[in-house]
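Colleague: In full-length UniProt numbering, the protein residues as written are 1 to 463.
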Amino acid sequence: MASMGWAVGEKITRAVERATEEKLPVIIFACSGGARMQEGITSLMQMAKTSAALERHSKAGLLYVSVLTEPTTGGVTASFAMLGDIILAEPGALIGFAGPRVIEQTLRQKLPKGFQRAEFLVEHGFVDDIVRRENLRETLGKILEIHAVSWKTENRIRTDAAELHHSSDSEAGFENLVNDKCDSDKGNSDKGDSSLINAGINPYLTAWDRVQISRKIDRPSGSDYIEALFTDFMEFHGDRNYGDDKAIIGGIAKFHGKPVTVIVQEKGTNTKENIAHNFGMPMPEGYRKALRLMKQAEKFQRPVICFVDTPGAFCGIEAEERGQGEAIARNLWELAGLKTPVLSIVTGEGGSGGALALAAGDQVWMLENSIYSILSPEGFASILWKDSTKAKEAAAVMKLTASDLYEKGIIEQVIPEPENLTPESMWQVAERLNDKICTFLQKYTSLSEEELLETRYARFRKF
Numbered sequence: 001m002a003s004m005g006w007a008v009g010e011k012i013t014r015a016v017e018r019a020t021e022e023k024l025p026v027i028i029f030a031c032s033g034g035a036r037m038q039e040g041i042t043s044l045m046q047m048a049k050t051s052a053a054l055e056r057h058s059k060a061g062l063l064y065v066s067v068l069t070e071p072t073t074g075g076v077t078a079s080f081a082m083l084g085d086i087i088l089a090e091p092g093a094l095i096g097f098a099g100p101r102v103i104e105q106t107l108r109q110k111l112p113k114g115f116q117r118a119e120f121l122v123e124h125g126f127v128d129d130i131v132r133r134e135n136l137r138e139t140l141g142k143i144l145e146i147h148a149v150s151w152k153t154e155n156r157i158r159t160d161a162a163e164l165h166h167s168s169d170s171e172a173g174f175e176n177l178v179n180d181k182c183d184s185d186k187g188n189s190d191k192g193d194s195s196l197i198n199a200g201i202n203p204y205l206t207a208w209d210r211v212q213i214s215r216k217i218d219r220p221s222g223s224d225y226i227e228a229l230f231t232d233f234m235e236f237h238g239d240r241n242y243g244d245d246k247a248i249i250g251g252i253a254k255f256h257g258k259p260v261t262v263i264v265q266e267k268g269t270n271t272k273e274n275i276a277h278n279f280g281m282p283m284p285e286g287y288r289k290a291l292r293l294m295k296q297a298e299k300f301q302r303p304v305i306c307f308v309d310t311p312g313a314f315c316g317i318e319a320e321e322r323g324q325g326e327a328i329a330r331n332l333w334e335l336a337g338l339k340t341p342v343l344s345i346v347t348g349e350g351g352s353g354g355a356l357a358l359a360a361g362d363q364v365w366m367l368e369n370s371i372y373s374i375l376s377p378e379g380f381a382s383i384l385w386k387d388s389t390k391a392k393e394a395a396a397v398m399k400l401t402a403s404d405l406y407e408k409g410i411i412e413q414v415i416p417e418p419e420n421l422t423p424e425s426m427w428q429v430a431e432r433l434n435d436k437i438c439t440f441l442q443k444y445t446s447l448s449e450e451e452l453l454e455t456r457y458a459r460f461r462k463f
């Protein structure tokens, strides 16, 4: 497309309306300098018209993917181009509201290198991913495939599968979606098995031992669990407001052939990765990115699976300036009413509200040597006894281990670990999680929205 006047706006609006009527996804490739000045105010109205059509399409629960190419600016950027459920961009594409020349003339200063380019938009949280043109077909195909079925619509998809298989390009993918299922017998009960507290779990480790183990740098990171348990993971970036936080990784994936949203707190497994991921301490934009993905999961009826491993939310001037408390509170508020199943698994440290922001769903599980507490043992000792060196004693009285929290009814499952849990030895944990996640999903995806929300409310109301 060129600049957007009445004709362009009308074509886009009619196409979106048709897609809404026929319950089809929409993909729009944007390449435009913006609204057509020669058509005056009529051109401006196209921004509102196209946006309104897409709002109706979204309310119908339908997918919209926006692909931004060189250039995407002006009224196109400020309307339909930035409204996608998923926003992709080509490398180096110019994307912005005001063009760089206008900004330079207004500010009378030279703009920094890379300003308003696709990579700049990813860094600032407005684009999900950058995809080269030769890879767009494959990427869009994966996105469409993963949105073609949900846990709620499995029976309908099974009925329609034969028609879908007429497309040779997608045949293998849909075959996998329809036929690859969880084995309900392997997962046993979705309730915690008290025998696990006494069998398969090391009874000789102290609370402080488990604190130290939970913090080991070579424990599997969040991304290791994504690789071990899911297929076809696609990472999405950004909170659509300020930035992208590498302490939280999230996106869509398949679990036994069906779509899920996966969100992990990521520390990394070496010093370089720790620094890149801020040692797993999320900023407000990390929690807002997680919430955006959860709301997207709700729209498309995908369960949400969170892996929690954080010493806590980042404490710093910039975090407070951007509303760390509000970001955590908003997650708790939204999770209370999120109309899709949410499972949280604490794999390492579960530090205070920074962990709770991803652990206020339907069930919470913990690995044997993970911890979950209101603050760190060092902080507890410092505040209560004015002596942070008493962290070992603090850990014992805080009741922060998986066994402690299972007995108190805070969590539903304790997952045994091998003696030295690393990415290389995590296969046993992954097998246990795989079976139990199957059972969880089969139970909770069968609940009505009302049952799901009432059960979740009762879970927290009892404390």
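We put the CB at the ideal spot given by N, CA and C, even for glycine.
Nothing here was measured: the structure is a model prediction, and the numbers come from that model.
#1: Quick check: does the Cβ of V149 come within less than 7 Å of any heavy atom belonging to the ligand ZN?
#2: Grab the span of the beta strand (DSSP E) containing T77 for me, first residue to last.
#3: Please classify L452 as buried or exposed, where buried requires at least 16 neighbouring CB atoms within 10 angstroms.
#4: Return no unless some Cβ of chain B is closer than 8 Å to the Cβ of G325.
#5: With DSSP collapsed to three states, give me the class of T422.
#6: So, at 8 Å on beta carbons, what are the nonlocal neighbours of N241 in its own chain, with the 5 sequence-adjacent residues on each side left out?
#7: So for L196, helix, strand or coil by DSSP?
#8: State the start and end residues of the unbroken alpha helix (DSSP H) segment that holds Q442.
#9: Mind checking who T401 pairs with in its DSSP beta bridge?
#10: Counting pairs of beta carbons, one from the stretch 25-33 and one from the stretch 65-80, are three or more of them closer than 8 Å?
#11: Got a sec? Which residues, its chain only, sit under 6 Å from F460 by beta carbon, not counting five neighbours each side?
#12: How should Q296 be labelled, buried or exposed, when 16 other C-beta atoms within 10 angstroms of its C-beta is the threshold for buried?
#13: Using DSSP with H/G/I as helix, E/B as strand and the rest coil, what is L447?
#14: Output the residue ranges of the beta strand (DSSP E) runs that lie fully inside the stretch 283-367 and measure 3 residues or longer, sorted by chain position.
#15: Please report how far the alpha carbon of G354 lies from the alpha carbon of A313, in whole angstroms.
#16: If the criterion is Cβ atoms closer than 8 Å, does the pair R219 and L421 meet it?
#17: Thinking C-alpha only, which one of G84, D245, Q363 and M4 is nearest G409?
#18: Once DSSP output is grouped into helix, strand and coil, what is the label at T50?
#19: Look at the alpha carbon of G257 and the alpha carbon of V397, and state the distance between them as a whole number of angstroms.
#20: Got a sec? Which residues, its chain only, sit under 8 Å from L205 by beta carbon, not counting five neighbours each side?
#21: Could you spell out where the alpha helix (DSSP H) holding T271 opens and where it closes?
#22: Look at A253 and V264 and say whether their C-beta atoms are less than 8 Å apart.
#23: Need the endpoints of the alpha helix (DSSP H) that V131 sits in, please.
#24: Provide the residue(s) that pair with K254 in DSSP beta bridges, ordered along the chain.
#25: In its own chain, which residues sit with a C-beta less than 7 Å from the C-beta of M426, not counting the 5 before and 5 after it?
#26: Could you give the C-beta distance for V26 and V16, rounded to a whole number, given that I count them as a contact under 8 Å?
#27: If you draw a straight line from the alpha carbon of I383 to that of Y372, how long is it in whole angstroms?
#28: Report the CB separation of L358 from S344 in whole angstroms; it is logged as a contact under 8 Å.
#29: Terminal residues of the continuous alpha helix (DSSP H) containing S32?
#30: Taking only the alpha-carbon atoms, compute the straight-line gap between S194 and N434 and give it to the nearest angstrom.
Modeller: Let's see:
#1: Absent from the structure shown: the ligand ZN. Ligands present: none.
#2: Careful: T77 lies outside any beta strand (DSSP E), inside the alpha helix (DSSP H) at G74 to T77.
#3: L452 should be labelled buried.
#4: No chain B is present in this structure, which holds just one protein chain.
#5: When DSSP states are grouped into helix, strand and coil, T422 belongs to the coil group.
#6: For N241, where only same-chain residues beyond five positions count, the Cβ hits under 8 Å are G125, E285 and R288.
#7: Because L196 sits at a pLDDT of 48, beneath the cut-off of 50, its placement in the model cannot be relied upon, and the point is left open.
#8: Following the DSSP letters along the chain, one finds Q442 inside the alpha helix (DSSP H) bounded by residues W427 to Y444.
#9: Paired residue(s): I371.
#10: Yes: at least three Cβ pairs fall under 8 Å.
#11: Hits under 6 Å: none found.
#12: Burial check for Q296: the Cβ neighbour count within 10 Å reaches 16 or more, so the residue is buried.
#13: In the three-state scheme derived from DSSP, where H, G and I count as helix and E and B as strand, L447 is classed as coil.
#14: DSSP runs (the beta strand (DSSP E)) wholly in the stretch 283-367: 304-310, 342-351 and 363-367.
#15: When rounded, the distance between both Cα atoms is 4 Å.
#16: Yes; because the gap between Cβ atoms is below 8 Å, this pair is in contact.
#17: Comparing alpha-carbon positions, the option among G84, D245, Q363 and M4 lying closest to G409 turns out to be Q363.
#18: If DSSP states are grouped into helix, strand and coil, T50 belongs with the helices.
#19: Put simply, the backbone Cα of G257 is about 44 Å away from that of V397.
#20: The residues are I213 and N369.
#21: Going by DSSP, T271 is part of the alpha helix (DSSP H) stretching over T271 to A276.
#22: Note that the C-beta distance between A253 and V264 is not below 8 Å.
#23: Careful: V131 lies outside any alpha helix (DSSP H) and carries neither H nor E.
#24: Beta-bridge partners assigned by DSSP to K254: T231 and P259.
#25: Counting only Cβ-Cβ distances below 7 Å, and skipping sequence neighbours, we find P220, D224 and A228.
#26: About 6 Å; that satisfies the 8 Å criterion.
#27: If I take the Cα positions, the gap works out to 18 Å.
#28: Correct: roughly 6 Å between the Cβ atoms.
#29: Segment V26 to S32 is the beta strand (DSSP E) holding S32; no alpha helix (DSSP H) there.
#30: Because the pLDDT at S194 is just 49, under 50, the model does not fix this residue reliably, and the value given afterwards should be weighed accordingly. C-alpha separation (whole angstroms): 19 Å.
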